[in-house]
Amino acid sequence: MIDDGAEERETRGGPHRGGRRLAALLVAVASIAPIEVAAEPTCASPEGEPVWAERVVRGDEIVLTDGRRVRLAGVEAPRAPLVGGDRALGEAAEVDAAARAALADRVEGREIALTETGTDRHGRLLGHLYDTERGQWIEAELVAAGHLRVMPSRAVRDCAAVLLAAERAAITARRGLWATASFAVMPAEAGDLLSRVGRWAVVEGRVRSIGRSGGHIWLNFGEDFRRDFAVVMDDKDLEGFRAAGFDAIAARGWTVRVRGVVTHRGGPRIAVEVPEAIERVRR
């Protein structure tokens with residue numbers, strides 16, 4: 064059965080740049096310590112600019128001794144909700160403190176290698192950090208430990224594969240933020256998904272139907288596509304998704320995990336633009 068929807072697509076991400084050599088990045092992360100993560104120059108590299116970290120601002124942002132601010136690329140330390148009960152706010156504070164402490168332990172007062180990827184709208188450098196002393200890609204290590212989560216976009220696709228592999232291991236083991244009610248993977252049928260509107264979330268569930276309308280594909284996770292959770296994809300992106308291994312047209316009955324900002328257009332929605340933001344989960 065084909066359902067029709069009439070919502071608009073939300074978009075995130077910037078232009079895709081960089082190489083495609085991912086084979087050297089794919090690693091298996093089996094435990095928190097030690098976490099061995101390989102890196103190549105397009106992501107983190109000992110060949111990056113030598114810099115000294117003065118202090119950590121957040122679990123995903125540092126200030127260098129020369130005054131420059133660096134935001135880690137392709138990842139995020141989860142933010143506290145704007146509203147919520149004492150438990151949610153307390154969990155968020157604990158997750159934030161753990162991420163901040165983990166990053167500080169690895170960079171404060173030390174020389175590290177910075178591979179820049181650009182700047183953000185606040186004028187901060189975006190980039191990857193490499194621990195030259197221990198031979199570690201710092202973001203991937205923190206993702207594997209459950210301190211950071213991955214935020215795929217067109218701008219950071221080249222480095223997403225290894226980060227997502229590390230994150231899957233953290234989710235399975237329920238490490239760090241993935242063990243909390245506030246940031247764990249949410250079931251698509253959860254009644255409180257609307258409480259995540261405007262926030263980043265990882266949602267998982269079974270695709271019950273597929274709809275097409277206005278140049279968009281809708282993956283519907285409930286019986287009432289006007290009210291239940293849905294994933295929205297642009298028709299023009301489908302071939303790229305298919306080439307990357309996700310065939311949206313064939314997704315009915317699949318268990319799918321999707322990540323992005325939750326919007327509210329009738330029901331909770333996540334719009335995806337890059338294949339790394341959605342995957343089939345095999346049980």
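Under our numbering, the first residue of the sequence shown carries the number 64, and numbering increases by one thereafter.
Ideal Cβ positions, reconstructed from N, Cα and C, are used throughout, including at glycine.
Keep in mind it's a predicted model, so treat the numbers as computed, not measured.
Reducing DSSP to helix, strand and coil, say where residue i ends up.
i, result
"Pro141", "coil"
"Glu112", "strand"
"Ala334", "strand"
"Thr235", "helix"
"Gly190", "strand"
"Trp200", "strand"
"Leu211", "coil"
"Ala264", "strand"
"Gly323", "strand"
Determine the contact status of residue i and residue j, defining contact as a CB-CB distance below 8 Å.
i, j, result
"Val349", "Val335", "With the chain running from 64 to 346 in the structure shown, residue 349 is simply not present."
"Gly239", "His210", "yes"
"Ile280", "Asp291", "no"
"Val219", "Ala156", "no"
"Met296", "Ala307", "no"
"Val170", "Ala203", "no"
"Met249", "Leu257", "no"
For residue i, does the count of other Cβ atoms within 10 angstroms reach 16, so buried, or fall short, so exposed?
i, result
"Arg197", "exposed"
"Val90", "Unreliable placement is indicated for Val90, whose pLDDT of 32 sits below 50; the coordinate value is still reported in the next sentence. Looking at its Cβ environment, which holds 16 or more other Cβ atoms inside 10 Å, Val90 is buried."
"Asp183", "exposed"
"Thr180", "buried"
"Gly323", "buried"
"Thr178", "buried"
What residues in its chain sit with their C-beta under 6 Å from that of residue i, if we drop five residues either side in the sequence?
i, result
"Val270", "Leu282, Ala314, Arg315, Trp317, Val319"
From the options, pick the residue whose C-alpha is nearest to that of residue i; which is it?
i, options, result
"Ile201", "Asp168, Ala218, Phe246, Met214", "Asp168"
"Arg118", "Thr128, Tyr193, Pro109, Glu110", "Thr128"
"Glu174", "Gly111, Gly330, Phe309, Glu286", "Gly111"
"Gly274", "Gly268, Glu267, Ser258, Arg289", "Arg289"
"Arg217", "Val120, Gly303, Gly268, Ile125", "Gly303"
"Ile341", "Ala165, Pro331, Gly278, Ala264", "Ala264"
"Glu252", "Phe246, Arg262, Val266", "Val266"
"Ala140", "Val126, Arg150, Ala161", "Ala161"
"Pro109", "Val248, Ile125, Thr195, Leu256", "Thr195"
"Gly122", "Ala116, Ala165, Asp300", "Ala165"
"Trp115", "Val294, Tyr193, Phe309, Gly277", "Tyr193"
Skipping 5 residues on each side, what residues in its chain have a beta carbon closer than 8 Å to that of residue i?
i, result
"Glu230", "Val206, Ala207, Arg212, Val213"
Taking 7 Å as the limit between beta carbons, can you name the residues of its chain near residue i, skipping five residues before and five after?
i, result
"Glu339", "Pro215, Arg220, Ala223, Leu227"
"Arg131", "Leu188"
"Val337", "Gly76, Pro215, Ser216, Arg217, Arg220"
"Val126", "Glu117, Arg118, Val120, Arg132"
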